[in-house]
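Reading through the structure tokens given below for one structure.
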Amino acid sequence: MQLETINNAIPCGTQKDVKLLFTAKQDTHFKLTYQVLRLGKVVYSGTQEVNFNTEDDVSSKYENDNELINSSEVQVVPEPDDPSSSPSSSSEDSDENSCPSARDSRYVPPIGEVRIPINVNATLSPSFTLLVFYVKDRETIADSQKIEVEKCFQNKVDLKFKNEVKQPGTPTSLKITSSPNSLCGIKVTDKSVSLLDSSDQLTPDKVTNLPIN
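So for the sequence shown, UniProt numbering puts the first residue at 1; every next one is plus one.
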């Protein structure tokens with residue numbers, strides 16, 4: 001079982017369908033359980049009934065890959081009596097690539113593919129862990145993946161000046177829009193102050209790194 005690797009942070013307010021590959025015997029049925037964890041706690045969980053039949057086999061997508069479900073294919077070959085007579089690994093690979101029958105005989109196990117829908121919101125920012133598992137014949141098969149999320153907050157706030165450019169000493173106004181029941185604070189400083197020292201600026205990184213009780 002192998003969850004896809006997600007390298008880029010997922011935007012908030014979107015649904016991400018995470019791909020899961022698994023190997024199984026054809027005409028197999030099992031219940032897949034997934035859990036979304038944040039700070040060691042289960043945020044939500046769900047299940048999927050998986051019916052894997054012959055027509056669901058997607059192994060043809062990976063038959064030319066050197067790795068199957070992110071694991072190298074292993075072949076056990078008897079050790080020759082004379083080590084000096086054994087061909088090098090490069091020559092073996094060359095012989096296989098030049099021989100169509102050798103490539104065709106490479107075993108690719110039946111591979112299934114499912115999609116796990118994840119609703120990404122501020123609760124999962126800046127990262128969460130997806131755990132997927134199922135139990136078969138008293139054995140638990142599982143995989144997990146840490147997934148990054150763009151830094152966002154539950155309450156949305158937007159601030160705009162009425163005028164983009166104003167002369168010194170002339171009045172202007174601010175327009176603030178926010179989610180209901182939001183507590184908004186305003187701090188006004190000269191821009192030259194932040195250019196000299198920006199360490200006291202409040203940023204999404206600083207907020208998400210605050211200690212949580």
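Glycine is no exception: its CB is placed at the ideal position from the N, C-alpha and C atoms.
Phe-52 is bridged by DSSP to Thr-28.
Residue state for Ala-122 is assigned as helix, using DSSP reduced to three classes.
Put simply, the stretch 12 to 25 does not touch the stretch 158 to 178. Fewer than three CB pairs are less than 8 Å apart. Counted as a single uninterrupted DSSP element, the alpha helix (DSSP H) harbouring Leu-195 occupies residues 191 to 196.
Pairing Thr-203 with Lys-175, the inter-Cα distance amounts to about 20 Å.
By the 16-neighbour rule on beta-carbons within 10 angstroms, Tyr-134 is buried. Ranked by Cα distance from Gln-35, the first of Lys-41, Ser-45, Pro-117, Asp-27 is Ser-45. Between Ile-6 and Val-120 a beta carbon distance of about 11 Å is seen, past the 8 Å cut, so the two are scored as non-contacting. In terms of Cβ geometry, Leu-32 and Gln-48 form a close pair [threshold 8 Å].
Between the alpha carbons of Met-1 and Ile-141 lies a distance of about 7 Å.
Assignment of Lys-206 by DSSP, reduced to helix, strand and coil, places it in the helix class. Bounds of the beta strand (DSSP E) holding Glu-139 are 139 to 148. In the structure shown, Lys-19 falls within a strand segment according to DSSP collapsed to helix, strand and coil. Distance from the CA of Thr-123 to the CA of Phe-153, rounded to the nearest whole angstrom, comes to 8 Å.
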